[in-house]
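Below you'll find the structure, written out as structure tokens, and then a few comments.
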Amino acid sequence: MSEHTERQSENSLNNTTGLWVGWIGIILGLIGFFWQPVFLGIAAIILGILGLFSPQKALNGVALAIGVIALIYGIAIL
Numbered sequence: 000m001s002e003h004t005e006r007q008s009e010n011s012l013n014n015t016t017g018l019w020v021g022w023i024g025i026i027l028g029l030i031g032f033f034w035q036p037v038f039l040g041i042a043a044i045i046l047g048i049l050g051l052f053s054p055q056k057a058l059n060g061v062a063l064a065i066g067v068i069a070l071i072y073g074i075a076i077l
């Protein structure tokens, strides 16, 4: 396998990982609006931050934003 092919497979793995982390963060953030907003908001924030190191920056930025909103919502209703 050539070096170029190895880099492409490595980037696709990072791309796929970024997609999964982003979608899981979004789902946790959305569930956090209805159940355990503080804990799930923090989990979505952590996943969003970790996902920002992948090529999927926009998707993980959305996960981060939803997590922050869920956390603020959870703190406000306490």
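For the sequence shown, numbering that gives the first Met the number 0 assigns the number 0 to the initial residue and increments by one for each residue that follows. Even for Gly, the Cβ is constructed at its ideal location relative to N, Cα and C.
Using 10 angstroms around the beta-carbon of Ile74, count the other beta-carbons present and answer buried if the total reaches 16, otherwise exposed.
exposed
Roughly how many angstroms separate the alpha carbons of Asn14 and Tyr72, rounded to a whole number?
Each residue's alpha carbon lies about 31 angstroms from the other.
Assuming Gly24 and Leu46 form a contact by the criterion Cβ under 8 angstroms, report the distance between their Cβ atoms to the nearest whole angstrom.
3 angstroms
If you follow the alpha helix (DSSP H) that Phe38 is part of, which residue opens it and which one closes it?
Unbroken alpha helix (DSSP H) run through Phe38: Pro36 to Gly50.
Could you give the residue range of the alpha helix (DSSP H) that holds Leu63?
Looking at the DSSP string, the run of the alpha helix (DSSP H) that includes Leu63 is Lys56 to Ala75.
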